[in-house]
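K.L.:
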Amino acid sequence: MRDVFDAIARPYDRMNLIITAGVFRRWERFFVQSLGVRPGMRVLDVACGTGELSFAVARLMGDRGEVVGLDLSQGMLAVAREKADRRPEGRRVQFVEGNALHMPFADGEFDLVMSGFALRNFADLAQAIREMVRVTRPGGRVTTLELSQPVNPFLALPYEFYFFHVVPWVGRVAERTWGKPGGMTPYAWLATSLKGFPGAPALAEVMRVEGLANVGFRYLTGGIVAVHWGEKPLAGDKA
Numbered sequence: 001m002r003d004v005f006d007a008i009a010r011p012y013d014r015m016n017l018i019i020t021a022g023v024f025r026r027w028e029r030f031f032v033q034s035l036g037v038r039p040g041m042r043v044l045d046v047a048c049g050t051g052e053l054s055f056a057v058a059r060l061m062g063d064r065g066e067v068v069g070l071d072l073s074q075g076m077l078a079v080a081r082e083k084a085d086r087r088p089e090g091r092r093v094q095f096v097e098g099n100a101l102h103m104p105f106a107d108g109e110f111d112l113v114m115s116g117f118a119l120r121n122f123a124d125l126a127q128a129i130r131e132m133v134r135v136t137r138p139g140g141r142v143t144t145l146e147l148s149q150p151v152n153p154f155l156a157l158p159y160e161f162y163f164f165h166v167v168p169w170v171g172r173v174a175e176r177t178w179g180k181p182g183g184m185t186p187y188a189w190l191a192t193s194l195k196g197f198p199g200a201p202a203l204a205e206v207m208r209v210e211g212l213a214n215v216g217f218r219y220l221t222g223g224i225v226a227v228h229w230g231e232k233p234l235a236g237d238k239a
């Protein structure tokens with residue numbers, strides 16, 4: 001995984017806009033506005049990539065609060081740090097290299113833990129969510145934005161054709177620049193990562209099992225993506 005994301009770090013933002021026809025930014029804006037960010041919060045962005053969500057949250061906080069972006073890819077973090085040097089909100093964002101399955105943070109360290117388009121890439125989904133819950137303070141929230149399975153029947157077939165045929169073709173074209181002989185091409189991985197990934201109701205159940213309460217989700221764009229949220233119970237409460 002590290003090699004795949006290192007390979008696409010530089011064109012990552014541009015390619016996301018291309019393959020989603022610009023809708024990617026609308027999903028991100030909705031997600032960030034739904035987080036309930038307040039000044040003074042300490043927020044963790046898991047698998048932060050090039051840092052776009054981290055910066056958006058930092059802007060909402062103003063001069064109070066801190067965002068920590070965690071990622072396994074040195075290439076992604078290099079791009080994120082370059083952005084931080086150019087943006088005024090960058091001074092309130094700290095980027096840390098680390099594995100989301102074993103995060104280098106103390107229990108209950110963050111008021112809010114979020115991830116955007118990351119869960120599909122983890123080798124152990126339950127462990128990733130378990131770690132997100134662990135580093136969230138009691139009463140804090142875990143919120144995710146992720147590709148899902150369309151509930152609109154008119155979108156289901158075009159969605160399947162696009163992600164399982166068109167996107168791999170984009171990956172083969174992209175391989176001329178980023179690929180390695182015999183390896184997984186970066187955008188071919190997108191289709192692969194969708195296979196077997198749970199739909200929104202099943203993902204919500206995983207979040208409940210791993211300790212979150214008041215779990216819910218909302219579909220966007222007919223179910224192409226979904227926002228999930230849950231709260232870490234206070235001491236003595238049950239999930």
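Per my numbering, residue 1 is the first one in the sequence shown, and the count goes up by one each step. Ideal Cβ placement from N, Cα and C applies to all residues, glycine included.
1) With a threshold of 8 Å, are at least 3 pairs of Cβ atoms found where one atom belongs to the segment 116-129 and the other to the segment 77-96?
2) Does the distance from the CB of Glu146 to the CB of Leu119 come in under 8 Å?
3) How is Asp124 classed by DSSP in three states: helix, strand or coil?
4) Could you tell me the distance, in whole angstroms, from the CA atom of Arg42 to the CA atom of Met61?
5) Considering only residues of the segment 39-98, which uninterrupted beta strand (DSSP E) runs meet the minimum length of 3 residues and lie entirely inside it, listed in chain order?
6) Pick from Pro158, His228 and Leu234: whose alpha carbon is nearest that of Trp27?
7) Buried or exposed: where does Glu157 fall if 16 or more other Cβ atoms within 10 Å of its Cβ makes it buried?
8) Return the chain-ordered list of same chain residues with a C-beta closer than 7 Å to the C-beta of Pro181, the five sequence neighbours on each side being excluded.
9) Hey, would you say Leu35 sits closer than 8 Å to Val57, going by beta carbons?
10) Going by alpha carbons, who is nearest to Cys48 out of Val67, Gln33, Gly40 and Phe30?
11) Assign Asn121 to one of two classes, buried (16 or more other C-beta atoms within 10 Å of its C-beta) or exposed (fewer than that).
12) On a CA-only basis, which of Asn16, Ala21 and Leu53 is nearest Gln33? Give me that one, please.
13) Rounding to the nearest angstrom, what Cα-Cα distance links Asp85 and Ala123 in this structure?
14) Given a cut-off of 8 Å on the beta-carbon distance, is the pair Leu203 and Gly139 in contact?
15) By the DSSP assignment, the alpha helix (DSSP H) with Pro138 in it spans what residues?
16) Which residue's Cα is closest to the Cα of Glu131: Leu70, Phe5, Tyr12 and Gly40?
17) So, Met114 versus Val206, is the Cβ gap smaller than 8 Å?
18) Between the alpha carbons of Asp63 and Val96, how many angstroms are there, rounded?
19) What number of angstroms, rounded off, separates the C-alpha of Phe197 from the C-alpha of Leu155?
P.N.:
Reading it off the structure:
1) no
2) Contact: yes.
3) coil
4) 10 Å
5) 42-46, 66-71 and 93-97
6) His228
7) It should be noted that the sequence gives Leu, not Glu, for residue 157. In this structure Leu157 is exposed. Its beta-carbon is surrounded by fewer than 16 other beta-carbon atoms within 10 angstroms.
8) For Pro181, the predicted model reports a pLDDT of 45, less than 50, meaning its position is unreliable; a value from the coordinates is still stated below. Correct list: empty, nothing qualifies.
9) yes
10) Val67
11) buried
12) Leu53
13) 32 Å
14) no
15) No alpha helix (DSSP H) contains Pro138, which is instead part of the beta strand (DSSP E) from Thr136 to Leu147.
16) Leu70
17) no
18) About 21 Å.
19) 18 Å
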